[in-house]
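Undergrad: Provided herewith is a single structure, encoded as structure tokens, for subsequent inquiry.
There are 2 protein chains.
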Amino acid sequence: MTNHLHDVTERLRTQGLRVTAPRVAVLDILDRMPDHPDADAIRAAVSRRLGSVSTQAVYNILHTLTDAGLLRRIEPAGHPARYETRVADNHHHLICRACGETRDVDCAIGHAPCLDPSESAGFVIDEAEVTFWGICPACRTTESLTKETP
Amino acid sequence: MTNHLHDVTERLRTQGLRVTAPRVAVLDILDRMPDHPDADAIRAAVSRRLGSVSTQAVYNILHTLTDAGLLRRIEPAGHPARYETRVADNHHHLICRACGETRDVDCAIGHAPCLDPSESAGFVIDEAEVTFWGICPACRTTESLTKETP
DNA sequence: TTCTTTTTCTTGAATGATTCAAGTGTGATG
DNA sequence: CATCACACTTGAATCATTCAAGAAAAAGAA
Chain E
1 MTNHLHDVTE RLRTQGLRVT APRVAVLDIL DRMPDHPDAD AIRAAVSRRL GSVSTQAVYN
61 ILHTLTDAGL LRRIEPAGHP ARYETRVADN HHHLICRACG ETRDVDCAIG HAPCLDPSES
121 AGFVIDEAEV TFWGICPACR TTESLTKETP
Chain R
151 MTNHLHDVTE RLRTQGLRVT APRVAVLDIL DRMPDHPDAD AIRAAVSRRL GSVSTQAVYN
211 ILHTLTDAGL LRRIEPAGHP ARYETRVADN HHHLICRACG ETRDVDCAIG HAPCLDPSES
271 AGFVIDEAEV TFWGICPACR TTESLTKETP
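One line per chain: the protein sequences are E and R, in this order. Just so we're aligned, residue 1 is where the first sequence starts under my numbering, counting upward by one. Just so we're aligned, residue 151 is where the second sequence starts under my numbering, counting upward by one.
Here it is in structure tokens:
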């Protein structure tokens, strides 16, 4: 645990970023949360650990760390942005249309950039983002219960 | 042109939707706009044609037509939603990070659903969405000009 | 350690796309 | 051509996120 915090600190230093309690907390918490939390869930978790944090600080931190390549931001249509620390590899996401729950999906086809468009139309392409949309097991159950009770 | 309006009317009727001037205008305009306009651009175009439309009406219409399968909504992270009438086939999008300009990209790999995730985690998946992110020719030019003038 | 500088955090207000709610108007059916 | 469900208008509300200005804290120097 002290080990891990040291690792988190190192990651910040390597990117030339100052080591602050809120930043360490965000990175450490995201490393441990497998469910791609959104800004509000992250704020809640950091707040629990440090006593309090401002919403603005959380947004600043998420922005800074994302820009530095320490975080990856996922922005599912219709849901607030979610974050993860898995940045080194090429992977995609499976998102529930109902609740926004997000799961990692390993790249289905080869390696990064994973896909090439058939026409690039003069664009300089830097990312091929694949999102699988569906209904998660929990929401599927809720949905059928709702429908079967008119 | 009367031909096309007739076709638009038919599409509405086929979906059991009432034929109203704003709805016809939205569909007709979207059929002619290749650049995936957002709600505001659509409102402007409809307004120009009919004299005026409320923003709310445009949102209602876009929602209704999308639900009916007559439109497809594209929601690029960080940009307002865009719409297109190309709903029959499986295709993806190439989006400019800077200005949001959106181009169609034919499916790079086979047919719909185009991709299968390696793990579905109990989800019922209904769509595989592929987005190519980059910088369009116009923004690329602007960007380099800005950088070269410190 | 203590001082200084630069960056980060806090607070409170603002933004922008989209949605909610209530009332008026209109298309489709009989 | 009357009725009624549905669509449109107006005006306010919501939500995630961002802007702005001042207070606090990290990093490097003395």
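Every residue, glycine too, gets a C-beta built ideally from N, C-alpha and C.
Counting only runs that start and end within the region 184-271 of chain R, where is the beta strand (DSSP E) found for 3 or more residues in a row?
TA: List check, beta strand (DSSP E) in window: 222-224, 232-234, 241-246, 252-256.
Undergrad: Can you check whether the C-beta of E:D126 is within less than 9 Å of a C-beta belonging to chain R?
TA: In the first sequence, the residue the question calls residue 126 of chain E occupies position 126. Output row for E:D126: interface = yes.
Undergrad: Going by Cα to Cα distance, which pick from E:D106, E:L17, E:H4, E:R13 is closest to E:L30?
TA: Residue 30 of chain E sits at position 30 when you count from the first residue of the first sequence. Nearest option by C-alpha distance: E:H4.
Undergrad: Using a Cβ-Cβ distance under 9 Å, would R:R223 count as near chain E?
TA: Against the second sequence, residue 223 of chain R aligns to sequence position 73. For R:R223, the answer is yes, since a Cβ of chain E falls inside 9 Å of its Cβ.
Undergrad: Please classify R:R252 as buried or exposed, where buried requires at least 16 other C-beta atoms within 10 Å of its C-beta.
TA: Reading the second sequence from its first residue, position 102 is the one you call residue 252 of chain R. Note on residue identity: the sequence assigns Thr, not Arg, to residue 252 of chain R. Burial call: buried.
Undergrad: Run the CB neighbour count on E:T131, radius 10 Å, all protein chains shown included, and call it buried at 16 or more, exposed below.
TA: In the first sequence, counting from the first residue as 1, residue 131 of chain E sits at position 131. Counting Cβ neighbours within 10 Å, E:T131 comes out buried, since at least 16 surround it.
Undergrad: Do you know offhand how far E:R13's Cα is from E:H6's?
TA: Locating residue 13 of chain E in the first sequence gives position 13, where the first residue counts as 1. Locating residue 6 of chain E in the first sequence gives position 6, where the first residue counts as 1. About 10 Å.
Undergrad: Note down the Cα distance separating R:E234 from E:I135, rounded to an integer number of angstroms.
TA: For the purposes of this step, residue 234 of chain R is identified with residue 84 of the second sequence, where counting begins at 1. For the purposes of this step, residue 135 of chain E is identified with residue 135 of the first sequence, where counting begins at 1. Each residue's Cα considered, the two are about 24 Å apart.
Undergrad: Please name the residue, chosen from E:N90, E:D89, E:G100, E:D67, that lies closest to E:R82 on a Cα-to-Cα basis.
TA: Translated into the one-based positions of the first sequence, residue 82 of chain E becomes position 82. Looking at the Cα atoms, E:G100 is the closest of the given residues.
Undergrad: What distance in whole Å lies between the Cβ atoms of E:L70 and E:V87, which are believed to be in contact at a cut-off of 8 Å?
TA: Translated into the one-based positions of the first sequence, residue 87 of chain E becomes position 87. Translated into the one-based positions of the first sequence, residue 70 of chain E becomes position 70. Confirmed, Cβ separation roughly 7 Å.
Undergrad: Between which two residues does the alpha helix (DSSP H) holding E:V24 run?
TA: Start at 1 with the first residue of the first sequence, and residue 24 of chain E comes out as number 24. Counting along the chain, the alpha helix (DSSP H) containing E:V24 begins and ends at 21-32.
Undergrad: Between which two residues does the beta strand (DSSP E) holding E:G134 run?
TA: Walking along the first sequence from the start, residue 134 of chain E turns up at place 134. Start and end: 124-135.
Undergrad: Spatial neighbours of E:P113 within its chain, please: CB distance less than 6 Å, with the 5 preceding and 5 following residues excluded, ordered by chain position.
TA: Taking the first sequence and counting its residues from 1, the one referred to as residue 113 of chain E is at position 113. Reliability fails at E:P113, whose pLDDT of 47 lies under 50, so the model's placement of it is uncertain and the value that follows must be treated cautiously. Within the same chain, E:P113 has close Cβ partners A128.
Undergrad: Round the Cβ separation of E:I42 and E:V58 to the nearest angstrom and send it over; I've been treating them as touching at under 8 Å.
TA: Along the first sequence, one-based indexing puts residue 42 of chain E at 42. Along the first sequence, one-based indexing puts residue 58 of chain E at 58. Rounded, the Cβ-Cβ distance is 6 Å, consistent with contact.
Undergrad: For R:S197, which option in R:V176, R:N210, R:H186 has the closest C-alpha, if you only look at C-alpha atoms?
TA: Along the second sequence, one-based indexing puts residue 197 of chain R at 47. Ranking R:V176, R:N210, R:H186 by Cα distance to R:S197 puts R:V176 first.
Undergrad: So the candidates are R:A288, R:A171, R:R247, R:T159; which of them puts its Cα closest to the Cα of R:N202?
TA: Looking up residue 202 of chain R in the second sequence gives position 52. Checking the sequence, you will find Ser at residue 202 of chain R rather than Asn. Of the candidates R:A288, R:A171, R:R247, R:T159, the one whose C-alpha sits nearest the C-alpha of R:S202 is R:A171.
Undergrad: With a threshold of 9 Å between beta carbons, is R:R232 in contact with chain E?
TA: Walking along the second sequence from the start, residue 232 of chain R turns up at place 82. For R:R232, the answer is no, since every Cβ of chain E falls outside 9 Å of its Cβ.
Undergrad: Starting from the C-beta of E:R49, find all residues in its chain whose C-beta is less than 6 Å away, skip the five residues before and the five after it, and write them out in chain order.
TA: Taking the first residue of the first sequence as 1, we reach residue 49 of chain E at position 49. Same-chain partners within the cutoff: A25.
Undergrad: Whole angstroms is fine: what's the gap from E:S54's alpha carbon to E:N60's?
TA: Within the first sequence, residue 54 of chain E is the residue found at index 54, counting from 1. Within the first sequence, residue 60 of chain E is the residue found at index 60, counting from 1. Going by the C-alpha atoms only, they are around 10 Å apart.
Undergrad: Within the 9 Å Cβ cut-off, does R:V280 reach chain E?
TA: Within the second sequence, numbered from 1, the residue matching residue 280 of chain R stands at position 130. Yes, because at least one Cβ of chain E sits closer than 9 Å to the Cβ of R:V280.
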